[in-house]
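Residue numbers (the working numbering): 171 to 532. Yeah, the Cβ is synthetic: ideal placement off N, Cα and C, and Gly gets one too. Please read these numbers as outputs of a predicted model, since none were measured by experiment.
Spelled out as structure tokens, the structure:
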């Protein structure tokens with residue numbers, strides 16, 4: 171078997187140890203004689219696994235007891251609409267900070283359900299930096315403030331939690347940088363994340379929500395869309411993504427075995443610094459356009475000095491075992507996603523290839 175170094179933005183690399191454990195369990199999970207995907211979500215084995223997964227996540231993130239943890243479906247994009255449905259009532263407004271593609275999409279999906287106030291946007295600057303905090307026009311009467319701490323496509327990241335003041339809850343789409351470093355959960359009202367970058371396979375959404383927010387009336391909606399109903403049913407109001415939940419639990423165990431989120435933060439910082447040094451030290455052969463203070467640790471964009479070389483770079487990098495370096499279609503160029511499961515050795519291999527490519531095609 172030949173494994174490549176996977177730099178995909180999502181669905182993304184999973185830890186090899188997690189994949190190997192899932193492979194062993196595929197046909198016979200815990201001596202049951204059946205796969206985890208064939209187990210009833212109401213059965214004792216699955217319920218015990220689900221409880222352990224939540225306990226491990228709570229330990230990793232130090233989640234306070236007054237927060238519910240939900241394992242949902244629909245992808246983060248569905249929750250762009252579902253969050254205002256649950257947190258905002260008729261006539262309410264919500265503040266949105268737009269820092270890239272995904273926060274802009276969150277705005278468009280929220281508009282049918284809440285009066286959106288774009289409190290800040292760096293679109294006029296092509297999302298190459300972050301909107302300065304002192305430029306945010308926040309409404310103290312807003313139902314919530316929504317932002318995207320890391321923009322997967324544009325490659326910008328907030329490196330601290332913004333202070334939004336007062337009692338307005340802060341809502342964060344942490345899809346692409348959750349579990350990448352320690353996080354002060356109590357600063358947030360709601361955290362949500364698609365699983366397919368730092369948690370597990372696609373099709374699962376992790377949500378951490380302060381329990382008092384579950385009491386909000388929100389908009390009229392079916393029970394299946396109401397977070398309070400999912401919390402009351404321990405995320406089993408309907409049949410959950412059992413495979414995704416199981417693999418997420420394996421990932422949480424793996425993170426604990428690595429030493430926790432402090433260890434992951436140090437590793438992720440080292441990986442990002444190595445790649446950015448290679449880009450910045452290339453004499454302009456490779457370029458990253460993002461303002462230094464806003465550079466993402468998870469998703470590193472770069473272009474070649476001559477776009478005519480892009481096809482050769484992608485063809486040769488894939489032949490060298492470096493997968494999925496093509497940038498998003500909206501921006502072109504290259505993108506290397508450095509999630510938790512991407513080891514330092516992968517980035518070292520990429521940097522060596524980039525150096526060799528520039529020498530051969532200089």
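Please list, in chain order, all residues of the same chain as residue 411 whose beta carbon is under 7 Å from its beta carbon, the five residues on each side excluded.
Translated into the one-based positions of the chain shown, residue 411 becomes position 241. Answer for residue 411: 243, 373 and 374, listed in chain order.
Residue 305 bridges to which residues according to DSSP?
Residue numbering aside, residue 305 sits at position 135 when the chain shown is read from its first letter. None, per the DSSP bridge assignment.
Identify the continuous beta strand (DSSP E) that holds residue 212 and give its terminal residues.
Here residue 212 is taken as the residue at index 42 of the chain shown, counted from 1. No beta strand (DSSP E) contains residue 212, which DSSP labels as neither H nor E.
Would you grab the beta carbon distance between residue 381 and residue 238 for me? Rounded to a whole angstrom, and I think it's under 8 Å.
Your numbering for residue 381 matches position 211 in the chain shown. Your numbering for residue 238 matches position 68 in the chain shown. Rounded, the Cβ-Cβ distance is 6 Å, consistent with contact.
Using the rule of at least 16 other Cβ atoms within 10 Å of the residue's Cβ for burial, across every protein chain shown, is residue 226 buried or exposed?
Sequence index remark: in the chain shown, residue 226 carries index 56 (1-based). Buried, by the Cβ-count rule.
In terms of residue numbering, what span does the alpha helix (DSSP H) encompassing residue 196 cover?
Reading the chain shown from its first residue, position 26 is the one you call residue 196. Taken as a continuous stretch (DSSP letters only), residue 196 belongs to no alpha helix (DSSP H), as it is neither H nor E.
According to DSSP, is residue 421 helix, strand or coil?
For the purposes of this step, residue 421 is identified with residue 251 of the chain shown, where counting begins at 1. Helix, per DSSP.
Measuring CB atoms only, is the stretch 395-403 touching the stretch 215-235, in the sense that at least three cross pairs come out at less than 8 Å?
The stretch 395-403 makes no contact with the stretch 215-235: fewer than 3 CB pairs, one atom from each, lie closer than 8 Å.
What residue range does the beta strand (DSSP E) around residue 505 cover?
For the purposes of this step, residue 505 is identified with residue 335 of the chain shown, where counting begins at 1. It spans 504-507 - the beta strand (DSSP E) in which residue 505 sits, taken as one unbroken run.
In terms of residue numbering, what span does the alpha helix (DSSP H) encompassing residue 533 cover?
The question about residue 533 has no answer, for the chain in this structure spans 171 to 532.
Tell me which residues share the same chain as residue 352 and place their Cβ nearer than 7 Å to its Cβ, disregarding the 5 neighbours each side in the sequence.
Here residue 352 refers to the residue found at position 182 of the chain shown. Here residue 352 has 431, 432 and 435 as same chain residues with Cβ atoms under 7 Å from its own Cβ, once five neighbours each way along the sequence are excluded.
Is it true that the CB of residue 254 sits closer than 8 Å to the CB of residue 283?
If you number the chain shown from 1, residue 283 lands on position 113. If you number the chain shown from 1, residue 254 lands on position 84. Contact: yes.
Pair every Cβ in the stretch 301-321 with every Cβ in the stretch 413-427, then say whether three or more of these pairs are closer than 8 Å.
no
Relative to the alpha-carbon of residue 349, which residue among 366, 340 and 336 has its alpha-carbon at the smallest distance?
As a working mapping, residue 349 is identified with position 179 in the chain shown. The candidate whose alpha carbon is nearest that of residue 349 is 366.
Quick check: what's the CA-CA separation for residue 240 versus residue 203?
In the chain shown, the residue the question calls residue 240 occupies position 70. In the chain shown, the residue the question calls residue 203 occupies position 33. Looking at the two C-alpha atoms, the distance is approximately 28 Å.
On the DSSP bridge list, what partners appear for residue 412?
Taking the chain shown and counting its residues from 1, the one referred to as residue 412 is at position 242. As DSSP reads the structure, residue 412 sits in no beta bridge.
Is it right to say residue 212 is buried, meaning 16 or more other beta carbons lie within 10 angstroms of its own, or is it exposed?
Locating residue 212 in the chain shown gives position 42, where the first residue counts as 1. With a threshold of 16 other beta carbon atoms within 10 Å, residue 212 falls short and is exposed.
Counting beta carbon pairs with one atom in the stretch 501-515 and one in the stretch 171-188, are three or more of them shorter than 8 Å?
yes
For the beta strand (DSSP E) containing residue 265, list its first residue and its last residue.
The residue labelled residue 265 in the question sits at position 95 within the chain shown. DSSP places residue 265 in the uninterrupted beta strand (DSSP E) bounded by 263-268.
I'd like the ranges of any beta strand (DSSP E) spanning at least 3 consecutive residues and lying wholly in the stretch 347-396.
360-364 and 375-380
With a cut-off of 8 Å on the beta carbons, I'd call residue 420 and residue 191 a contact; round off their distance for me.
For the purposes of this step, residue 420 is taken as the residue at position 250 of the chain shown. For the purposes of this step, residue 191 is taken as the residue at position 21 of the chain shown. Confirmed, Cβ separation roughly 6 Å.
Assuming residue 346 and residue 455 make a contact with CB atoms under 8 Å, what is their CB distance in whole Å?
The residue you call residue 346 lines up with position 176 of the chain shown. The residue you call residue 455 lines up with position 285 of the chain shown. 27 Å between Cβ atoms; not a contact.
Would you mind reading off the limits of the beta strand (DSSP E) that contains residue 523?
Counted from its first residue, the chain shown places residue 523 at position 353. First-last for residue 523: 514-530, but that is the alpha helix (DSSP H), not the beta strand (DSSP E).
Could you check where the alpha helix (DSSP H) with residue 257 kicks off and where it finishes?
Stepping through the chain shown from its first residue, residue 257 is reached at position 87. DSSP places residue 257 inside the alpha helix (DSSP H), whose first and last residues are 245-257.
Of all the options 384, 504 and 249, which has the alpha carbon lying nearest to the alpha carbon of residue 493?
Here residue 493 refers to the residue found at position 323 of the chain shown. The shortest C-alpha separation from residue 493 is found at 504.
Looking only at its chain, what residues have a beta carbon closer than 7 Å to the beta carbon of residue 391, apart from the 5 residues adjacent to it on each side?
For the purposes of this step, residue 391 is taken as the residue at position 221 of the chain shown. These residues qualify, in order along the chain: 255.
Whose CA, out of 210, 378, 409 and 343, lies closest to the CA of residue 268?
Counted from its first residue, the chain shown places residue 268 at position 98. The candidate whose alpha carbon is nearest that of residue 268 is 343.
So what does residue 175 bridge to, in DSSP terms?
Residue 175 sits at position 5 when you count from the first residue of the chain shown. For residue 175, which the question treats as bridged, DSSP gives the partners 492.
Below 8 Å on the Cβ atoms is my contact criterion, and I expect residue 501 with residue 471 to pass it. Report the Cβ-Cβ distance as a whole number of Å.
Along the chain shown, read from residue 1 onward, the residue named residue 501 stands at position 331. Along the chain shown, read from residue 1 onward, the residue named residue 471 stands at position 301. Contact flag correct, Cβ pair sits at about 7 Å.
Which partner residues does residue 465 have in the DSSP bridge list?
Residue numbering aside, residue 465 sits at position 295 when the chain shown is read from its first letter. In the DSSP output, where bridge partners are listed per residue, residue 465 has 326.
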